[in-house]
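A.B. asks: Residue numbers (my numbering), protein chains in the order written: chain A, 32 to 380; chain B, 32 to 380; chain C, 9 to 606; chain D, 9 to 606.
Quick reminder that beta carbons are idealized off the backbone N, C-alpha and C, glycines included.
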Amino acid sequence: MPSIAKPLIPLAPVRRNDLGLSPRDYEGAMSTLCAGCGHDSVTAALVQALFELSIPPYKVAKLSGIGCSSKTTAYFAGEAHGFNSVHGRMPTIATGANAANRELHYVGVSGDGDSLSIGLSHLAHAIRRNVRMLYVIENNGVYGLTKGQFSASADIGSTSKKGDPNAFAPIDPLLLGLSLGATFVARGFSGDKQRLVPLLKAGLSHRGLALIDVISPCVQFNDHEGSTKSYRFVREHEVTATDFVPPQDPIIAHVPDEGVVTVPMHDGSVMSFRSVPEGYDPSDRAGAARYLQERRDAGEVVTGLVYADEGVPDLHELSGTPAVPLAALPFFRLCPGADELAKLQEGFR
Amino acid sequence: MPSIAKPLIPLAPVRRNDLGLSPRDYEGAMSTLCAGCGHDSVTAALVQALFELSIPPYKVAKLSGIGCSSKTTAYFAGEAHGFNSVHGRMPTIATGANAANRELHYVGVSGDGDSLSIGLSHLAHAIRRNVRMLYVIENNGVYGLTKGQFSASADIGSTSKKGDPNAFAPIDPLLLGLSLGATFVARGFSGDKQRLVPLLKAGLSHRGLALIDVISPCVQFNDHEGSTKSYRFVREHEVTATDFVPPQDPIIAHVPDEGVVTVPMHDGSVMSFRSVPEGYDPSDRAGAARYLQERRDAGEVVTGLVYADEGVPDLHELSGTPAVPLAALPFFRLCPGADELAKLQEGFR
Amino acid sequence: MSAPSITQVNDFALKLANVNGTGSASANSLLMKAIFRMGVPVSGKNLFPSNIQGLPTWYEIRVNKDGHTSRALEYDLIVAMNAQTYAADISEVRSGGFVLYDSTWPLSDELSRADVTFLGVPLTALCADKFERARDRLLLKNICYAGALVALLGIDVDVVRALLDETFAGKAKLRDANQLALALGFDYATEHLPPLPFRVEPMQASEGKILIDGNTATALGCLYAGATVAAWYPITPSTSVMDNFAALCKRYRSHDGENDYLIVQAEDELAALGMVVGASWNGARAFTATSGPGISLMNELLGFAYYAEIPAVIVDVQRTGPSTGMPTRTQQADLLLCAYASHGDTKHVLLFPADPAECFDFAVTAFDLAERFQTPVMVLTDLDIGMNDWVVPELTWDDSFLPDRGRVLTAEELHALPRFNRYADEDAEFVTPRTLPGAGPGGAYFVRGSGHDKHGAYTEAPDKYQEVVDRLARKHTAAALHVPAPIVHRRAGARIGVVCLGSGDLPVREAAGLLQDKGIVVDVMRVRGFPFPPAVRAFLEEHDVCFVVEQNRDAQLRSLLTLETGVSGARLRSVLSYGGFPLSAKTVVDSITAQTGE
Amino acid sequence: MSAPSITQVNDFALKLANVNGTGSASANSLLMKAIFRMGVPVSGKNLFPSNIQGLPTWYEIRVNKDGHTSRALEYDLIVAMNAQTYAADISEVRSGGFVLYDSTWPLSDELSRADVTFLGVPLTALCADKFERARDRLLLKNICYAGALVALLGIDVDVVRALLDETFAGKAKLRDANQLALALGFDYATEHLPPLPFRVEPMQASEGKILIDGNTATALGCLYAGATVAAWYPITPSTSVMDNFAALCKRYRSHDGENDYLIVQAEDELAALGMVVGASWNGARAFTATSGPGISLMNELLGFAYYAEIPAVIVDVQRTGPSTGMPTRTQQADLLLCAYASHGDTKHVLLFPADPAECFDFAVTAFDLAERFQTPVMVLTDLDIGMNDWVVPELTWDDSFLPDRGRVLTAEELHALPRFNRYADEDAEFVTPRTLPGAGPGGAYFVRGSGHDKHGAYTEAPDKYQEVVDRLARKHTAAALHVPAPIVHRRAGARIGVVCLGSGDLPVREAAGLLQDKGIVVDVMRVRGFPFPPAVRAFLEEHDVCFVVEQNRDAQLRSLLTLETGVSGARLRSVLSYGGFPLSAKTVVDSITAQTGE
Ligand SMILES: Cc1ncc(C[n+]2csc(CCOP(=O)(O)OP(=O)(O)O)c2C)c(N)n1
Ligand SMILES: Cc1ncc(C[n+]2csc(CCOP(=O)(O)OP(=O)(O)O)c2C)c(N)n1
Ligand code: SF4
Ligand code: SF4
Ligand SMILES: [Mg+2]
Ligand SMILES: [Mg+2]
């Protein structure tokens with residue numbers, strides 16, 4: 032890799048991955064979202080993450096609900112099957128799909144309305160079941176597609192385009208996830224692709240459900256002064272829990288080891304993150320929750336890998352299913368046949 | 032009160048309250064639940080709490096969903112209107128009812144299935160809106176009425192009657208509530224009425240939504256060895272965050288002041304609680320969450336008042352509604368009338 | 009449409025093709041509004057995509073002196089502002105018609121049509137000259153073509169100027185920019201373009217009329233009906249019902265900082281209806297507004313409210329289904345679901361307004377019926393009615409109106425009773441008395457969706473259970489005499505009937521006239537409520553055959569008529585239009601002509 | 009029921025009145041099972057409350073040599089074990105009948121009836137003597153009265169003893185206690201009680217028959233159909249479908265620690281169906297089981313699966329509605345909702361099994377149809393079929409059976425195609441090909457509930473949208489030839505038809521015979537699937553009048569027949585029974601007799 036040659040200059044984007052595919056091969060249909068919509072940046076980051084992990088597009092299943100955010104599944108990995116379901120139910124579709132075929136890479140893309148209001152309980156229970164999937168919430172604090180109503184992630188006091196402040200306590204999907212036993216929670220910002228991509232890659236390599244909340248501003252309805260989900264606000268109030276350490280990045284050398292958390296992912300890859308606040312520990316659930324809470328009370332937005340635990344089995348491991356997809360099991364293996372039926376019925380007399 | 036006469040002997044139950052009513056007046060229909068069901072003890076505690084607070088029964092509105100727990104609204108305050116809705120939707124009915132008439136005392140009784148599975152998002156959003164009501168979850172870790180399936184509150188490893196262990200991460204309504212900005216969270220145990228009643232009273236006096244999780248064993252399907260929701264398990268693993276301090280109870284004298292938290296409730300009453308672990312602070316949201324998390328990881332059940340904040344306005348305060356019930360506003364005050372209609376329509380030309 | 013050669017006064021149709029999110033909407037409605045102010049019957053239909061920015065959107069204006077303003081399918085002039093759709097758009101103009109386009113760039117030859125006149129206006133160039141900011145140039149291009157149309161169609165430019173002044177009152181800069189853009193287009197057209205064979209001339213037809221969309225009118229009706237609690241979950245095309253209700257409440261219900269209303273944006277539609285039911289049970293007038301997907305989600309609670317006998321008002325602004333379907337297209341395809349929503353034996357009360365004026369009236373009626381009959385009442389409008397501006401008679405209000413709160417016992421009445429039975433002592437319409445929580449001691453009862461007897465007590469006894477559900481069936485039947493009666497338009501000697509509902513009204517009435525010209529004489533009946541009043545059955549029986557005109561695939565109104573009037577399906581034929589655009593008289597005429605084999 | 013004086017062999021009915029949660033269920037089914045083993049046609053109906061402990065519960069046993077085992081409404085003997093309901097229970101025994109009661113305490117005089125013989129057995133005393141623990145005394149009282157009945161009815165005591173041995177195999181103590189209790193009752197009755205005018209005598213009628221409940225049979229069908237994914241939310245009376253499916257999978261699908269199935273207890277019914285849809289899309293056979301309230305909640309996703317054309321199997325074990333209704337009572341009242349579930353134009357495929365044997369067969373059929381037609385298929389059973397034990401022919405399986413997975417393209421077929429169009433290239437039944445995620449490159453398509461064209465691309469164009477929904481309508485019609493055909497029983501010269509479905513089968517067929525005795529000759533048709541095959545319409549047209557027998561208030565089957573066959577409603581009359589208890593032939597006979605004015 033060129034990186035070895037000139038370690039101090041940021042890596043030039045790789046043109047072809049291990050499958051010989053180019054980033055183009057991971058793109059999808061033309062976006063019909065507004066120019067500048069944060070969601071399109073998330074799409075770009077997903078394209079890069081899938082590309083860099085050399086995942087065959089047809090081995091990806093894209094799932095979403097309804098919303099501008101949910102439309103983004105159409106804009107990447109055009110060679111992958113996509114499933115644009117109904118509002119809020121994506122986690123249930125993903126759970127069923129995953130149950131049928133554990134071999135695919137599931138990428139769920141949702142919005143703060145889709146996941147925190149109508150679909151809240153489904154997200155919560157998908158987390159409990161640790162369904163193996165990357166679950167991205169494109170969080171803009173509003174219902175974009177229905178023209179800008181507050182979503183449940185809007186902060187108290189954050190103002191609408193008309194200037195009315197939101198009055199109700201916000202739902203932070205990460206705090207929520209931690210309280211429900213989530214095994215991977217992280218937050219990215221669509222305005223910072225460089226730091227988002229590694230989080231998405233870590234999520235794609237996670238053993239169970241990787242919940243990634245991406246602050247993704249709605250330029251149409253929630254990017255104004257007074258909004259806490261605007262590009263400007265996030266840039267100015269972002270604090271980092273952990274920062275990704277690129278492989279072979281010389282900066283590692285300058286970092287005290289205890290500052291670096293290496294997370295050996297379920298798929299064998301290893302991700303290294305550097306704790307930004309002194310001694311931040313992404314394996315301490317209660318600590319992570321406390322940090323999120325405190326920073327939020329201070330009006331800040333925590334980004335980075337907030338918590339990860341590769342030690343928890345996913346839905347399939349908990350269910351003892353075979354390594355091959357249930358959908359691929361031959362009928363003869365599933366149907367006990369006539370003799371067994373006769374035997375069984377001896378007990379019905 | 033006799034208590035002044037003989038302070039050192041526990042108070043004899045008062046026969047009549049300030050309204051001249053007896054506990055009988057707060058009872059309801061005969062319970063049709065199983066003999067020994069924890070829910071019936073909660074009913075008894077509710078009877079006592081309402082009685083001791085001298086709330087006129089007809090000023091109480093009882094709401095529930097579907098389940099054995101949800102049936103209990105029929106067994107207390109027979110003179111109060113009751114609303115046995117559909118499975119999981121009670122919080123929405125309560126929100127609407129409360130919106131229409133802010134003067135009543137709303138008592139919602141639900142189950143762990145009703146509130147943590149099908150109704151999870153409704154509970155979550157009622158908490159966000161801080162709807163003024165007492166919200167009791169009679170938590171037995173199972174679906175009693177449908178004969179004993181695990182509910183979402185079942186702990187990992189807790190076994191069913193048949194002996195199968197639960198595999199999925201439990202939802203602790205209190206942890207969940209704290210992550211959603213709940214303004215009052217507490218846990219009681221139906222096996223300990225003495226300590227449950229004061230919590231219910233505090234909840235009834237709270238400014239917003241008071242979430243009280245009551246561990247209420249299902250003797251029919253979840254009171255066996257191996258269950259973490261059995262009478263025995265809770266007795267043996269209960270740890271207390273705070274303990275209620277009865278008014279004029281001499282023990283106060285022996286307690287270092289900093290151990291006592293006095294919570295001046297919205298209705299003017301004052302509740303005092305004593306921190307049990309050194310320096311436990313029920314006004315520290317993140318600390319409360321951490322404590323719940325750590326104790327649970329240690330296999331313990333935290334009871335007592337876990338967190339309270341009387342400083343947060345309820346749905347009506349946030350909505351700027353009048354002090355009188357919206358349902359009581361006279362029509363002439365609501366209908367702008369013919370002239371205004373004509374004026375308005377000048378703009379429609 | 010008369011022949012192109014002779015001049016058409018106040019009888020033509022325009023189609024304006026734009027890209028959404030570029031500000032064309034205001035320019036287009038500006039034209040429509042100006043024509044309205046000139047006293048000429050006009051309609052404007054916004055055919056927009058389910059997207060915020062960048063996709064094709066159309067606006068159709070039909071001007072017709074006789075008031076036939078249903079959607080025209082032939083266009084005298086097309087304004088082609090969207091390169092993506094040039095070809096398709098230009099192909100839609102009638103032979104002999106006109107195309108107005110931005111001649112800053114030459115139009116490619118493939119697009120030209122010999123039988124059509126192309127009117128070039130260098131919109132981009134004109135605006136580039138006068139305006140600095142790119143955004144302004146983009147937005148004002150629209151006002152610029154509006155100016156050209158004002159000149160070409162003989163629209164009174166002073167009326168348009170006045171409208172701009174009103175719109176931008178207090179925003180001098182914006183006002184001037186818009187006035188300038190208008191002038192640019194107006195002057196250019198006056199100088200360079202030929203007069204058109206169709207134009208607008210002032211009339212008196214707008215006397216006592218207003219311009220209003222159905223969702224605003226519905227919100228206004230809810231305000232006047234005294235609704236104090238509203239709960240909703242955003243969904244196109246119903247969202248503006250709540251937006252308008254909130255705005256109206258702010259204006260009329262906020263006195264010295266106190267708000268005489270409470271609107272909850274719920275977490276989903278199940279919650280929204282739950283809140284409405286809770287509030288109604290507690291004595292408030294409460295409602296929700298949604299569209300098809302929301303109705304599907306409300307199914308369980310609709311059955312609950314029906315069985316527990318709790319009032320609820322639900323506005324369903326129908327869109328194209330099934331499922332998410334086409335959220336910005338119209339249809340009348342929720343009829344069957346709404347009529348029998350929920351498992352078990354359930355029947356609901358439905359109202360079918362035809363235009364914004366009826367949206368206002370029926371919203372008020374809905375609350376009266378819901379409380380009178382203690383049951384959910386659904387007001388079924390559609391995207392065409394709800395989101396387009398309509399010319400309708402000024403709304404009127406009778407200050408002596410008092411809401412019908414139904415059988416709610418006062419503390420006194422309660423005392424007078426030997427015993428209060430929630431589900432007994434029915435009146436002539438099989439309605440039983442209820443009490444409100446907190447109203448006083450002695451009135452408590454227990455609401456349940458589980459089996460209950462006439463006292464409200466839990467029961468599993470067949471006879472006691474049946475006693476209650478049998479009364480519910482009778483109560484539903486009784487409501488037939490209280491929903492708005494059908495409106496019938498008769499023609500001498502008609503043996504054929506045409507039945508429609510809701511937004512089918514204008515196109516069907518226009519079609520009746522056109523059919524008569526073809527020698528097909530029909531009577532028209534528009535049903536306005538369910539359960540059907542006796543007059544509906546009578547009309548069906550009076551005619552040899554009836555054509556049921558509706559905007560869905562499965563003939564849902566015809567199905568309801570067959571089931572509920574007992575009239576043999578054989579006598580009911582269908583005229584179905586369900587592509588998602590508002591119905592046109594032409595579609596009705598063509599179908600009936602074909603089926604009657606003329 | 010013939011006169012009490014002469015002896016009735018294998019023709020009588022018992023009603024056992026108990027308190028639920030006291031262990032009576034096992035004693036009652038013990039009796040029923042014993043009679044079955046004696047080769048005598050028998051039915052047992054459990055009429056239980058929606059409660060876990062302490063409320064009244066009944067069990068009815070009907071013995072009929074001719075196989076008429078629908079619910080009898082006249083009882084030859086009542087076992088009165090529930091003090092709360094003594095009066096009502098005793099009043100139900102036919103004149104000349106018998107009452108067996110616990111004579112440990114004298115029966116109060118008000119309860120005695122002159123025309124009825126009271127048989128006292130000191131059950132409490134007998135058990136108190138022999139058993140220590142209170143719980144044993146309570147439970148074994150039931151076995152004790154069973155023993156008495158065995159003696160009184162001439163049931164083969166060895167058969168009963170054998171049954172107890174099997175039940176308590178390996179639990180010697182329990183076994184002995186039960187055998188003792190049985191003997192106590194048996195001996196007491198033999199010594200002290202008179203012989204009864206009705207009794208059981210061995211027959212051969214149970215040859216090749218089994219005893220099974222519908223939910224077990226349904227679960228077995230899903231197992232044999234190859235379902236690997238199941239998602240559900242507990243609800244009476246469907247819960248035991250999943251309980252049984254789980255048990256069966258454990259037994260037949262777990263090889264060396266590996267489970268060839270995955271069952272998810274979902275957070276609610278919306279989630280359950282979502283999971284089924286996700287799994288089916290991904291190529292697994294998946295299903296859910298629920299009851300009315302669940303169907304209401306599934307409405308939105310049912311419409312989605314219909315429009316996106318995704319297979320799904322939904323079992324609806326119907327209970328009494330509306331709303332929560334009576335969860336432990338039966339009804340057939342979800343027909344209309346299931347047929348047209350969801351907003352917009354939607355139509356679904358329904359199957360109506362009549363007994364557990366058909367539950368097994370139709371469960372398999374459901375998966376084939378769901379995958380063949382790429383649409384949701386609902387199997388509508390009810391509480392009577394699902395939760396009661398039925399005597400049915402042994403279930404059979406053809407090992408050569410291969411599931412119809414429908415049009416799923418293999419990687420090869422995909423390659424062969426010039427271009428893959430998800431919603432084009434329809435076959436003779438208007439079904440289009442699909443691909444499975446992960447199957448290989450080139451097969452990707454985008455599932456959406458929003459407007460799409462035949463390529464699966466998003467569209468808002470009327471013609472492209474209509475092209476797809478029109479095909480959906482034709483596809484639904486095509487399914488009519490694939491659902492199970494109606495079963496018709498003809499009688500010479502019948503001008504009257506009787507139509508029924510599901511659990512109406514036995515009572516209606518018995519009624520046909522009883523009507524003939526009264527000179528009313530009827531043909532019987534049982535519909536077994538929706539959309540209706542042509543034979544259904546033919547039957548309706550062949551008869552001057554048809555009586556549609558169904559267990560709901562609103563004549564929902566009659567409604568479907570009217571809407572879908574075009575037969576005039578005038579020719580269809582209704583026989584409705586909806587109190588929540590299983591239908592009895594008597595109800596049918598009385599109603600038809602009255603309506604035919606004989
Ligand atoms: C059942 C249902 N209710 C309402 C809607 C309308 N709707 C579409 S998207 C949306 C919210 C989208 O918000 P979010 O998930 O945050 O996505 P965003 O557009 O902000 O990216 C709503 C309410 C719907 N499609 N279905
Ligand atoms: C929509 C719907 N689904 C399922 C049911 C069946 N059901 C009744 S109660 C219940 C769960 C009750 O559990 P919980 O709330 O914990 O109450 P408990 O009986 O344990 O006190 C279920 C699933 C229902 N009534 N409605
Ligand atoms: S409305 Fe907002 S969220 Fe939707 S596409 Fe535009 S910018 Fe993005
Ligand atoms: S089943 Fe359980 S929860 Fe229900 S009443 Fe009995 S003990 Fe209580
Ligand atoms: Mg959003
Ligand atoms: Mg429970």
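Counting along the chain, where does the beta strand (DSSP E) carrying Gly505 (chain C) start and finish?
C.D. replies: 504-509
A.B. asks: Cβ of Glu277 (chain D) versus every heavy atom of ligand 2: is any distance shorter than 7 Å?
C.D. replies: yes
A.B. asks: Please list the terminal residues of the continuous beta strand (DSSP E) segment that includes Leu192 (chain D).
C.D. replies: In the DSSP assignment, Leu192 (chain D) falls outside any beta strand (DSSP E) and lies within the alpha helix (DSSP H) extending over 180-200.
A.B. asks: Measuring straight from C-alpha to C-alpha, what distance separates Pro202 (chain C) and Gln16 (chain C)?
C.D. replies: 15 Å
A.B. asks: Taking three-plus beta-carbon pairs below 8 Å as touching, is the segment 101-118 of chain B in contact with the segment 142-158 of chain B?
C.D. replies: yes
A.B. asks: Is Lys217 (chain C) helix, strand or coil when you go by DSSP?
C.D. replies: DSSP places Lys217 (chain C) in strand when its eight states are reduced to three.
A.B. asks: Got a sec: is the Cβ-Cβ distance from Val477 (chain D) to anything in chain C below 8 Å?
C.D. replies: Taking Cβ atoms only, chain C reaches closer than 8 Å to Val477 (chain D), which makes this a yes.
A.B. asks: Quick one: what does DSSP say Cys554 (chain D) is sitting in, helix, strand or coil?
C.D. replies: strand
A.B. asks: Would you say the beta carbon of Cys99 (chain B) is closer than 7 Å to some non-hydrogen atom of ligand 2?
C.D. replies: Answer for Cys99 (chain B): yes, Cβ within range of ligand 2.
A.B. asks: Met283 (chain D) versus chain A: which residues are under 8 Å apart at the beta carbon?
C.D. replies: Thr123, Ile124, Thr126, Gly127, Ala130
A.B. asks: For the alpha helix (DSSP H) that Phe3 (chain C) lies in, which residues bound it at each end?
C.D. replies: In this structure chain C extends from 9 to 606, so residue 3 (chain C) is not present and cannot be described.
A.B. asks: Using C-beta distances below 6 Å, list every residue in its chain close to Thr570 (chain D), excluding the 5 sequence neighbours before and after it, in chain order.
C.D. replies: Annotation for Thr570 (chain D): Gly577 place their beta carbon closer than 6 Å to its own, counting only its chain and skipping 5 residues before and after.
A.B. asks: I need the DSSP call for Tyr315 (chain D), collapsed to helix, strand or coil.
C.D. replies: helix
A.B. asks: Quick one: which chain A residues come within Cβ less than 9 Å of Tyr314 (chain D)?
C.D. replies: By Cβ distance, chain A contributes nothing, its closest Cβ being about 12 Å from Tyr314 (chain D), past 9 Å.
A.B. asks: Where do the N-terminal and C-terminal ends of the beta strand (DSSP E) with Glu169 (chain B) fall, by residue?
C.D. replies: Going by DSSP, Glu169 (chain B) is part of the beta strand (DSSP E) stretching over 164-170.
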